[in-house]
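Enquirer: Residues -19 to -1, 1 to 118, numbered by mature numbering (1 follows the signal peptide of the UniProt record, and there is no 0), are exactly what the sequence shown covers, in order.
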Amino acid sequence: MFLSVLYVVLTVTYSHTSADTYWFLRIKSKFVDTEGVLDSWSPGANICSWNGLKCSANFTQVVSLNLSGSGLAGSISPEVSHIISLQTLDLSSNFLIGTIPPELGQLENLKELHLYSNFISGKIPAEIGLFEELASS
Ligand SMILES: *[C@@H]1O[C@H](CO)[C@@H](O)[C@H](O)[C@H]1NC(C)=O
Ligand SMILES: *[C@@H]1O[C@H](CO)[C@@H](O)[C@H](O)[C@H]1NC(C)=O
């Protein structure tokens, strides 16, 4: 007798950006967006078209979040640390309060972090080997 085993191979087309959509919406929920700059952050739209986000050339990864001077209040969600592909994070010149989440230290690809001109306290996590000039003030 045959015992036939059927292997079902599920090919999951996994794109980083679809997981990132979830995290960015969590991040959005911590911002107070009085100017509506995050209106384009909607699950129905491709994340690469969202305001302030830049994707890699092959559109598989979000590499930059720049919402400098966007009138944002609220705080920086520690969940930013889940956007592991981020190379640039610029939230400078807003009205953000709270502390710099230590979790930002998990962003191993981060090359630029700009948080100046906010109402944020705390230190840039030591894990991020960033330059002094990028420190929050
Ligand atoms: C897309 O580009 C990123 C960054 O340049 C790279 O790390 C990644 O491997 C590329 N993915 C594919 C599927 O080509
Ligand atoms: C972010 O965008 C502003 C203009 O909107 C620009 O002046 C600034 O250089 C950008 N930040 C980075 C890190 O590219």
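Here a beta-carbon is modelled for each residue, glycine too, at the ideal position from N, C-alpha and C.
Have a look at the DSSP bridge pairing and note the partners of N47.
Expert: Paired residue(s): D71.
Enquirer: When you compare the CB positions of L77 and I105, do they come within less than 7 Å of one another, or not?
Expert: Going by C-beta atoms, L77 is not nearer than 7 Å to I105.
Enquirer: DSSP state of E89, grouped into three classes?
Expert: Three-state DSSP puts E89 in coil, outside helix and strand.
Enquirer: Within 10 Å of its beta-carbon, does T15 have 16 or more other beta-carbons around it, so buried, or fewer, so exposed?
Expert: Classification for T15: exposed.
Enquirer: Rounding to the nearest angstrom, what Cα-Cα distance links N32 and V18 in this structure?
Expert: Each residue's Cα considered, the two are about 7 Å apart.
Enquirer: Beta carbon of S62, beta carbon of Q87: below 7 Å?
Expert: Contact flag set, yes.
Enquirer: Below 6 Å CB to CB, which residues in the same chain sit around T69 once its five sequence neighbours on both sides are set aside?
Expert: If we look at T69 and ignore the five residues flanking it on each side, its Cβ neighbours are S45, E93.
Enquirer: Apart from the five residues on each side of it in sequence, which residues of its chain come closer than 7 Å, Cβ to Cβ, to G79?
Expert: Excluding sequence neighbours, G79 sits near S56, I57, I101.
Enquirer: Helix, strand or coil, according to DSSP, for L34 in the structure here?
Expert: Here L34 sits in strand by DSSP.
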